[in-house]
Structures are given as structure tokens and as C-alpha cells.
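Contents: one structure, followed by commentary.
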């Protein structure tokens, strides 16, 4: 490709990201897998300032599940990852947590920042980011092919605690043909900031997952003959920590409903 | 190699790391490049608890210079990276900073933890960690070959500020034959947790370095005909932030005098 064509591809991808955020700001809600292909997507958790240190330490101690891409300081709502975006409105669906329990899902989180003016917001890498490279390598990403949300599961693996925070690892799952598992591991492994290589290949029972067809978050997907379930650390892990730790108040994205940034996937490729 | 031989290599490397820490604890001081080959080395900075959030945020915002490998909580002195190690005594040489100025260098930092019982300690990846893989690929690491400390330079590149912390990027330099620069970039790039790929290749002036033969820290090294200076982000960057920001009190390692862990290099290979 000439530079001009490359520039056009990049401009189109950023435009797709901005259009998606504008639609979510206007009230549209959808899972974001496959939206604005090539652009980095992010998990979100916002916590009162008193909890920010514990969370940043939790993330540092569990970097595979919680790779921090940006921290928005107390009360602020802009991020360097997306010019002009507002973190209170530009995610398709938010979850509100009170005393460790899911209280409600909302499309506009602005009133929550009024209720808690000192929220510190963490944007965390999302495995949707390496799905475009997987597809470019000819590996079908089932939930995108089927137009559904990625399946996510709570596991029996405990994260390393930090301060008042503890909880189990959450994973996402993609069925991969046995002959492409190595490729999927190597391709995703080059993106350590968005969960990197898989944490487990094969038997769901080894992770404490009783029924692969009943994910804890997202949608079940078909596993075809010859495919193996492959599991990646998932940015819903902070929500598991909110539950397990009884955090008094938190706002997060709804699983699979991510913040779409203006940063191309390639920025996180090593 | 059989598994037995591999086990012996690993056991010997851990034994070398432990022996080095024991010698430093007993008072020996030396630059640690080339010591306990194959084991991860780390930069250290300890700050009063009041500064810990600012620093962890500074590290998150400048991950190439400040990749955090472990955080030791206020007043504690053990790390998961090295069983039985004491962070107050097991580094060969410490620097004590008061009001942003270097006050003294000491071999035993224990009295400083008595003076400031709430110090939070950060261990940060060090480029010495990928020097063994460079050598294994047949790339000479000049300061190891010459038995000196790596040259380090302050640059004209500003880090992204966080809270009260700001400062310039510090880099380390290794002269690399022009035909091996790409290899050195690719090999180090697979170790993003210990500074990863180079930040600059060639002209020192572009980084604001006036004289390559007068490093700000460490020792000058020979640059042979056909070699190009290659610059990596350096874990002395936090010390530049201490100076630029006038931090009231900090303890760090002395440049090139690192904390040697029990973690093999390969743990940080992606």
C-alpha cells in the first residue's frame, strides 16, 4: 500500500471509533466486539479516591488481568486515549455497584459522577484489541462471526490481593481450531498490554468452570469439532474484585460493552 | 539439554543471585552488570507513603522508563521477587535524597527506614535483564566486556507528569554494530517489562546529549568504528524525577548498582 492508502485506512478507523462513541453517547447500547476494527478497546472501572491506591496496586500485582492503559484523575472525565471523549457517557452500557452488589445498569453515568465527585477512573486493556490481528491471520473469532458477545467466566484462580481488594480471575474464551492454537497464543502474546497470551488451553474444569455453555458474563458460543476452548485473562476481573471485596461504590462498563479509543492496536504490539 | 541439566543451570543462577545479595548485605559494593547472569535485576525507589500514589501513577504513565515489577507496602522490606531478601540491605549501594538533592551514598539503608517508617518501595525493571539474551545472540555488551558500569544520560525528553512528579527521561546506551542493531531491538523488544525496545538509535544530539563520552551516570564506554550508539529507557528516570520535582525524601539504588532477584529473565519474555 502507498502511504496515502494507509493514511486513509487509519483515518477511517479513527472515524469509526468516534462515530461509535457518539452513538453510545446518544444512547445506543451494544457489545463492542468487532466495532471499529483495528482500534484499541478498554475496560473501565471508576472508584472513589480512597480506593484508588488499592486498585492501582491490585492492577500492578495482576498485570495479565488488569493491564492499566490510562488513569483519569479524581473527578476528571477526559482520557489521553481518545480526544474529546467523555468517560461518563461514551461507553455503551455502565454497571453501578453498591456494597459489592450490582445495583443497576445505565446508559449515562453522568449522575454518578455528581453523586461521587472524586471518582478515579482506570482504563484497562481488553482482548478485543487483538481480535483484528487474529482475524487477519485467518483465525475466526466465533463471537464476532456469530454477532454475539464474548463468553466470560469466573474461575477458581485467586488474584494476588492488594490492600482491601481480593477476588478471582475472570477469563474470556474463544474456541480455536487445534492447529491454530499456537498461532493464536503467539499473536495475542505480542500484545501484553491487552491481556497477552492465553492463561489456559483446554479443559474448562481445570479453571473451575462447571459448564462452558453457561458463561457468567456475555453469551455462550458454539464450539465446533476439532476446536479447543482457549482462555484469556479478562478485564472483568476488577468487577469480580468489587464483588468479592464488598467495595462500597464503583462504576464499571458492562461486560463486553467497552470504551473504544482512538489508539490503533499496533500501538500495543511488541 | 536434559531436564536435569536445565534444573542445575537454574539452581546455579539462583544460587549466584543469593550469593551476590549476601555479599552486598555484608558490605560489598559493585555495579551489578554481568552479575548472576540470567537473573532479573531491578531498580529501586522508596518514598514516604504520601508520595506513593503520585509515583505509581508516574510509573503507569511512563511505562517504558518505569515498568513496575513489585511494590513493597509501607514499612515492609520483603519482596515476592526474591525469597528472604531484605530491600534495606541487599542492594550494593544506596542513594539518599533530601529535598531533591543527593545527600549521601550508603551501603546499608536500614537507618533510613527507621527515620521514615512509612516508606513504600518500588522495584522497577532494569535493562541488565536482557543483556544475557543479547550476549547469547552474539551481541557484545560493551560495559560487561570491559568490566565497567553502563553509561546513562539525562535527555531533553520530558516524561508525562503525575501529581507532583515530573522530570526528564534517562537512558542507558550500548554501542551496537550497525548490522546487529535490528537484532538488538527485536531481542530487547520481547522484554517490555524491563524497558523493552530502544527509544532511540544513533545521534546522541537528538536526545540533547552533548557529549557521549561524558555520561551523567555510570562509565563512558568505547564506541568502535562501525558501531552505533543505541539508547534504552532507564530505571534511573525516577531519580531524575526526584531531582526535578524536589521530592523531600527518597531512597534509591545507586545507578548501575541494582537489586538482583530470584526471577529468571525468561519470566519477562513475551
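Chains as they are written, first to last, in my numbering: chain A, 87 to 356; chain B, 87 to 356. Think of the CB as a built atom: it goes at the ideal place given N, C-alpha and C, for glycine as much as any other residue. Being a predicted model, the structure only gives us computed values, none of them experimental.
Short of 7 Å from the beta carbon of residue 266 (chain B), and not among the five residues preceding or following it, lie these beta carbons of its own chain, in chain order: 225. For the region 319-353 of chain A, the beta-carbon criterion of a distance under 8 Å to any beta-carbon of chain B is satisfied by none of its residues. A:149 is the residue among A:320, A:149 and A:344 whose C-alpha sits nearest the C-alpha of residue 157 (chain B). Put simply, of B:324, B:329 and B:269 the residue whose alpha carbon is nearest the alpha carbon of residue 129 (chain B) is B:324. Sequence-ordered contacts of the region 253-276 of chain A with chain B read 275 and 276 [C-beta pairs closer than 8 Å].
The criterion of a C-beta distance shorter than 9 Å is satisfied by residue 250 (chain A) and residue 137 (chain A). Chain B places no beta carbon closer than 9 Å to that of residue 184 (chain A), leaving this residue out of the contacts.
The region 335-348 of chain B makes contact with the region 170-182 of chain B: 3 or more CB pairs, one atom from each, lie closer than 8 Å. Taking all protein chains shown into account, residue 260 (chain B) has 16 or more neighbouring C-beta atoms within 10 Å of its C-beta and is therefore buried. Listed as beta-bridge partners of residue 335 (chain A) by DSSP are A:184. In this structure, the CA atom of residue 95 (chain A) is about 14 Å from the CA atom of residue 218 (chain A). Counting along the chain, residue 128 (chain B) sits inside the beta strand (DSSP E) bounded by residues 125-134. Contact of residue 138 (chain B) with chain A by beta-carbon distance below 8 Å involves 139.
Check the Cα spacing between residue 313 (chain B) and each of B:335, B:331, B:118 and B:289: the tightest is with B:289. Leaving aside the five residues that flank residue 330 (chain A) on each side, the residues in its chain whose CB is nearer than 6 Å to its CB run, in chain order, 252 and 253. Of the candidates B:114, B:238 and B:279, B:238 places its Cα closest to the Cα of residue 304 (chain B).
Taking 9 Å as the CB threshold, residue 316 (chain B) stays off the interface with chain A. One thing to note: residue 285 (chain A) has its Cβ within 9 Å of the Cβ of residue 319 (chain A). Around the C-beta of residue 240 (chain A), 16 or more other C-beta atoms lie within 10 Å, and the residue is accordingly described as buried. Under the rule that a run must span 3 or more residues, the beta strand (DSSP E) segments found entirely inside the region 220-300 of chain B read 238-244 and 254-263. Residue 211 (chain A) has its alpha-carbon roughly 18 Å from the corresponding atom of residue 163 (chain A). At a beta-carbon threshold of 9 Å, the residues of chain A lying near residue 282 (chain B) are 356, ordered along the chain.
By the rule that beta-carbons nearer than 9 Å mark a contact, residue 164 (chain B) does not touch chain A.
In this structure, A:215 is the residue among A:91, A:135, A:155 and A:215 with its C-alpha nearest to the C-alpha of residue 103 (chain A). In this structure, the straight-line span from the alpha carbon of residue 338 (chain B) to that of residue 350 (chain A) is close to 36 Å.
In the DSSP annotation of this structure, the continuous segment of the beta strand (DSSP E) that includes residue 318 (chain B) starts and ends at 313-319.
Taking 9 Å as the cut-off, the Cβ atoms of residue 198 (chain B) and residue 165 (chain B) do not count as close. Residue 115 (chain A) is bridged by DSSP to nothing; it lacks a bridge partner. Relative to residue 193 (chain B), the option among B:135, B:274, B:116 and B:213 whose CA is nearest is B:116. Relative to residue 159 (chain A), the option among B:309, B:139 and B:302 whose CA is nearest is B:139. For the options B:327, B:355 and B:91, the alpha carbon positioned closest to that of residue 133 (chain B) is the one of B:327. Residues of the region 139-160 of chain A with a C-beta less than 7 Å from any C-beta of chain B: 139, 142, 143, 146, 154 and 157, listed in chain order.
For residue 208 (chain B), the beta-bridge partners assigned by DSSP are B:131 and B:157. Leaving aside the five residues that flank residue 120 (chain A) on each side, the residues in its chain whose CB is nearer than 7 Å to its CB run, in chain order, 230. Chain A has no Cβ within less than 9 Å of the Cβ of residue 134 (chain B). In chain order, 278, 279 and 356 make up the part of chain A whose C-beta sits under 9 Å from the C-beta of residue 278 (chain B).
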